[in-house]
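Notes follow once the structure below has been shown.
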(Lines of atoms letter the chains of each structure in order from A; the text may use other names.)
(Lines give C-alpha, C1' and ligand atoms only; values in the text may rest on other atoms or scores of the structure.)
Protein backbone atom coordinates (compact mmCIF):
# COMPACT_ATOMS: atom_id res chain seq x y z
CA UNK A 19 0.00 0.00 0.00
CA UNK A 20 1.41 3.41 -0.96
CA UNK A 21 2.01 6.14 1.60
CA UNK A 22 -0.47 8.40 -0.20
CA UNK A 23 -3.18 5.74 -0.16
CA UNK A 24 -2.57 5.07 3.52
CA UNK A 25 -3.03 8.73 4.41
CA UNK A 26 -6.16 9.04 2.29
CA UNK A 27 -7.67 5.95 3.93
CA UNK A 28 -6.84 7.30 7.38
CA UNK A 29 -8.46 10.64 6.63
CA UNK A 30 -11.56 9.02 5.19
CA UNK A 31 -11.92 6.83 8.27
CA UNK A 32 -12.23 9.91 10.49
CA UNK A 33 -14.51 11.91 8.20
CA UNK A 34 -17.88 10.56 9.36
CA UNK A 35 -17.63 11.42 13.08
CA UNK A 36 -16.21 14.83 12.23
CA UNK A 37 -19.31 15.76 10.25
CA UNK A 38 -21.29 15.69 13.49
CA UNK A 39 -19.45 18.80 14.66
CA UNK A 40 -21.39 21.97 15.29
CA UNK A 41 -22.44 23.59 12.02
CA UNK A 42 -20.53 26.76 11.20
CA UNK A 43 -17.70 26.04 13.64
CA UNK A 44 -14.07 26.07 12.56
CA UNK A 45 -13.91 22.37 13.49
CA UNK A 46 -16.77 21.56 11.13
CA UNK A 47 -15.06 23.45 8.30
CA UNK A 48 -11.92 21.37 8.84
CA UNK A 49 -14.00 18.19 8.78
CA UNK A 50 -15.93 19.17 5.66
CA UNK A 51 -12.67 19.80 3.85
CA UNK A 52 -11.43 16.45 5.11
CA UNK A 53 -14.45 14.64 3.66
CA UNK A 54 -14.18 16.43 0.29
CA UNK A 55 -11.95 15.35 -2.62
CA UNK A 56 -9.41 17.83 -1.30
CA UNK A 57 -6.27 16.76 -3.13
CA UNK A 58 -7.96 16.90 -6.54
CA UNK A 59 -9.46 20.27 -5.71
CA UNK A 60 -6.04 21.57 -4.73
CA UNK A 61 -4.52 20.39 -8.00
CA UNK A 62 -7.13 22.46 -9.83
CA UNK A 63 -6.19 25.49 -7.72
CA UNK A 64 -2.57 25.01 -8.76
CA UNK A 65 -3.46 24.54 -12.43
CA UNK A 66 -5.62 27.67 -12.41
CA UNK A 67 -2.94 29.77 -10.73
CA UNK A 68 -5.01 30.45 -7.63
CA UNK A 69 -2.27 28.63 -5.73
CA UNK A 70 1.28 29.04 -6.98
CA UNK A 71 3.52 26.01 -7.36
CA UNK A 72 7.06 26.73 -6.18
CA UNK A 73 9.90 24.32 -6.88
CA UNK A 74 12.31 23.75 -3.98
CA UNK A 75 15.13 25.36 -5.95
CA UNK A 76 13.01 28.53 -6.24
CA UNK A 77 11.90 28.57 -2.61
CA UNK A 78 14.70 30.91 -1.46
CA UNK A 79 13.49 33.58 -3.87
CA UNK A 80 9.89 33.21 -2.71
CA UNK A 81 10.86 33.29 0.98
CA UNK A 82 13.27 36.17 0.51
CA UNK A 83 12.49 38.83 -2.06
CA UNK A 84 8.82 37.87 -2.45
CA UNK A 85 7.99 37.84 1.26
CA UNK A 86 6.47 34.38 1.64
CA UNK A 87 6.73 32.55 4.96
CA UNK A 88 7.27 28.81 4.99
CA UNK A 89 4.42 26.87 6.63
CA UNK A 90 5.46 23.34 7.56
CA UNK A 91 2.41 21.05 7.91
CA UNK A 92 4.31 17.87 8.80
CA UNK A 93 3.72 16.16 12.17
CA UNK A 94 6.14 16.99 15.00
CA UNK A 95 8.17 13.78 14.70
CA UNK A 96 9.10 14.52 11.07
CA UNK A 97 9.86 18.14 11.85
CA UNK A 98 12.11 17.07 14.73
CA UNK A 99 14.36 15.19 12.29
CA UNK A 100 14.91 18.24 10.09
CA UNK A 101 13.19 21.59 9.64
CA UNK A 102 13.83 25.00 8.15
CA UNK A 103 14.75 27.31 10.99
CA UNK A 104 12.17 30.05 11.51
CA UNK A 105 9.39 28.29 9.57
CA UNK A 106 5.85 28.33 10.93
CA UNK A 107 4.47 24.97 12.02
CA UNK A 108 0.87 23.74 11.98
CA UNK A 109 0.53 19.94 11.62
CA UNK A 110 -2.22 18.75 9.29
CA UNK A 111 -2.14 15.28 10.88
CA UNK A 112 -1.55 14.50 14.55
CA UNK A 113 -1.03 11.26 16.45
CA UNK A 114 -4.27 9.40 17.19
CA UNK A 115 -4.17 8.69 20.92
CA UNK A 116 -7.55 6.93 21.05
CA UNK A 117 -7.26 3.59 22.86
CA UNK A 118 -10.65 2.18 21.83
CA UNK A 119 -10.82 -1.37 20.49
CA UNK A 120 -11.50 -0.34 16.89
CA UNK A 121 -8.69 2.20 16.87
CA UNK A 122 -6.28 -0.26 18.45
CA UNK A 123 -7.11 -2.77 15.70
CA UNK A 124 -6.48 -0.10 13.06
CA UNK A 125 -3.17 0.74 14.74
CA UNK A 126 -2.14 -2.90 14.68
CA UNK A 127 -2.92 -3.19 10.96
CA UNK A 128 -1.22 0.14 10.29
CA UNK A 129 1.96 -0.98 12.05
CA UNK A 130 2.06 -4.28 10.22
CA UNK A 131 1.57 -2.81 6.77
CA UNK A 132 2.98 0.72 7.06
CA UNK A 133 4.39 1.73 10.42
CA UNK A 134 7.19 -0.84 10.72
CA UNK A 135 8.50 0.05 7.27
CA UNK A 136 8.05 3.84 7.30
CA UNK A 137 8.22 4.61 11.01
CA UNK A 138 5.03 6.66 10.70
CA UNK A 139 2.64 6.90 13.64
CA UNK A 140 -1.08 6.22 13.28
CA UNK A 141 -2.59 9.64 12.70
CA UNK A 142 -5.81 11.56 12.37
CA UNK A 143 -6.65 14.92 10.85
CA UNK A 144 -5.85 17.84 13.14
CA UNK A 145 -9.26 19.41 13.70
CA UNK A 146 -7.52 22.55 15.00
CA UNK A 147 -5.41 22.96 11.86
CA UNK A 148 -6.86 26.30 10.78
CA UNK A 149 -6.56 27.69 14.30
CA UNK A 150 -2.98 26.46 14.49
CA UNK A 151 -2.14 28.16 11.18
CA UNK A 152 -3.66 31.44 12.38
CA UNK A 153 -1.62 31.27 15.60
CA UNK A 154 1.63 30.21 13.94
CA UNK A 155 1.63 32.38 10.84
CA UNK A 156 -0.02 35.58 12.06
CA UNK A 157 -0.97 38.42 9.67
CA UNK A 158 -4.48 37.03 9.22
CA UNK A 159 -5.81 35.89 5.86
CA UNK A 160 -3.41 38.21 4.02
CA UNK A 161 -0.41 36.14 5.11
CA UNK A 162 1.77 34.96 2.23
CA UNK A 163 2.33 31.28 2.99
CA UNK A 164 4.46 28.74 1.16
CA UNK A 165 2.95 25.45 2.35
CA UNK A 166 5.23 22.43 2.56
CA UNK A 167 5.34 18.81 3.72
CA UNK A 168 7.56 15.82 3.06
CA UNK A 169 6.29 14.68 -0.33
CA UNK A 170 3.71 17.25 -1.42
CA UNK A 171 0.41 15.45 -0.79
CA UNK A 172 -0.38 16.70 2.70
CA UNK A 173 0.53 20.23 1.69
CA UNK A 174 -1.87 19.95 -1.27
CA UNK A 175 -4.65 19.09 1.16
CA UNK A 176 -3.58 21.99 3.36
CA UNK A 177 -3.59 24.60 0.57
CA UNK A 178 -7.12 23.57 -0.40
CA UNK A 179 -8.30 23.99 3.18
CA UNK A 180 -6.52 27.33 3.57
CA UNK A 181 -7.88 28.64 0.27
CA UNK A 182 -11.41 27.62 1.26
CA UNK A 183 -10.89 29.39 4.60
CA UNK A 184 -10.07 32.69 2.89
CA UNK A 185 -6.29 32.65 2.46
CA UNK A 186 -5.49 33.91 -1.04
CA UNK A 187 -1.70 34.41 -1.02
CA UNK A 188 -0.73 30.75 -0.96
CA UNK A 189 2.15 28.89 -2.53
CA UNK A 190 2.69 25.13 -2.62
CA UNK A 191 6.15 23.58 -2.40
CA UNK A 192 5.92 21.26 -5.40
CA UNK A 193 6.93 17.72 -4.50
CA UNK A 194 7.67 18.64 -0.91
CA UNK A 195 10.97 18.61 0.92
CA UNK A 196 11.80 15.22 -0.58
CA UNK A 197 12.53 17.01 -3.88
CA UNK A 198 14.94 19.52 -2.40
CA UNK A 199 18.73 19.26 -2.49
CA UNK A 200 21.38 20.59 -0.17
CA UNK A 201 21.36 24.38 -0.33
CA UNK A 202 17.76 24.90 -1.43
CA UNK A 203 17.03 25.96 2.15
CA UNK A 204 20.02 27.64 3.74
CA UNK A 205 19.24 27.26 7.44
CA UNK A 206 18.16 23.71 8.29
CA UNK A 207 18.18 22.32 11.83
CA UNK A 208 17.92 18.72 13.00
CA UNK A 209 19.82 15.45 12.77
CA UNK A 210 18.76 14.51 9.24
CA UNK A 211 18.88 16.10 5.83
CA UNK A 212 15.64 17.87 5.04
CA UNK A 213 14.94 15.66 2.02
CA UNK A 214 15.15 12.52 4.19
CA UNK A 215 13.19 13.71 7.22
CA UNK A 216 10.05 11.80 6.23
CA UNK A 217 11.91 8.49 6.08
CA UNK A 218 11.67 6.30 9.18
CA UNK A 219 11.40 2.74 10.45
CA UNK A 220 13.08 0.00 8.43
CA UNK A 221 13.29 2.42 5.50
CA UNK A 222 15.59 4.62 7.58
CA UNK A 223 17.97 1.71 8.16
CA UNK A 224 18.17 1.06 4.43
CA UNK A 225 18.71 4.78 3.82
CA UNK A 226 21.65 4.82 6.22
CA UNK A 227 23.18 1.85 4.38
CA UNK A 228 22.75 3.63 1.04
CA UNK A 229 24.34 6.77 2.46
CA UNK A 230 27.24 4.73 3.82
CA UNK A 231 27.75 3.12 0.42
CA UNK A 232 27.43 6.55 -1.23
CA UNK A 233 24.57 5.30 -3.42
CA UNK A 234 22.65 8.47 -2.50
CA UNK A 235 23.95 11.83 -1.29
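Residue numbers (this note's numbering): 19 to 235. For glycine and all other residues, C-beta sits at the position ideal for the given N, C-alpha and C.
Around the beta-carbon of residue 159, fewer than 16 other beta-carbon atoms lie within 10 Å, marking it exposed. Between residue 148 and residue 165 the beta-carbon gap is near 13 Å, outside 8 Å, which marks them as no contact. Judged by their CB atoms, residue 100 and residue 176 are not nearer to each other than the 8 Å cut-off. Counting other Cβ atoms within 10 Å of its Cβ, residue 60 reaches 16 or more and is therefore classed as buried. DSSP places residue 197 within a helical segment (H, G or I) once states are collapsed to three. Just measuring C-alpha positions, the residue of 209, 207, 151 and 109 sitting nearest residue 92 is 109. Between residue 183 and the set 194, 150, 212 and 203, the nearest pair of CA atoms involves 150. Per DSSP, reduced to three states, the secondary structure at residue 63 is helical.
Note on residue 90: 16 or more other CB atoms within 10 angstroms of its CB, so buried under the neighbour-count rule. Of the candidates 103, 185 and 168, 185 places its Cα closest to the Cα of residue 70. Beta-carbon to beta-carbon, residue 208 and residue 98 are separated by about 7 Å, close enough to satisfy the 8 Å threshold.
Non-local beta-carbon contacts of residue 63 in its own chain, meaning distances under 7 Å to residues more than five positions away in sequence, involve 69, 177, 178 and 181 in chain order. The shortest CA-to-CA distance from residue 86 to any of 210, 195, 192 and 187 is the one to 187. Membership of residue 99 in the alpha helix (DSSP H) is indicated by the continuous run 94-99. The beta carbon of residue 94 sits closer than 7 Å to those of 109, all from its chain and outside the five residues before and after it, given in chain order. By the Cβ-count criterion, residue 170 is buried, with 16 or more other Cβ atoms from all chains shown falling within 10 Å of its own Cβ. Secondary structure note for residue 147: its alpha helix (DSSP H) is the uninterrupted segment 147-155.
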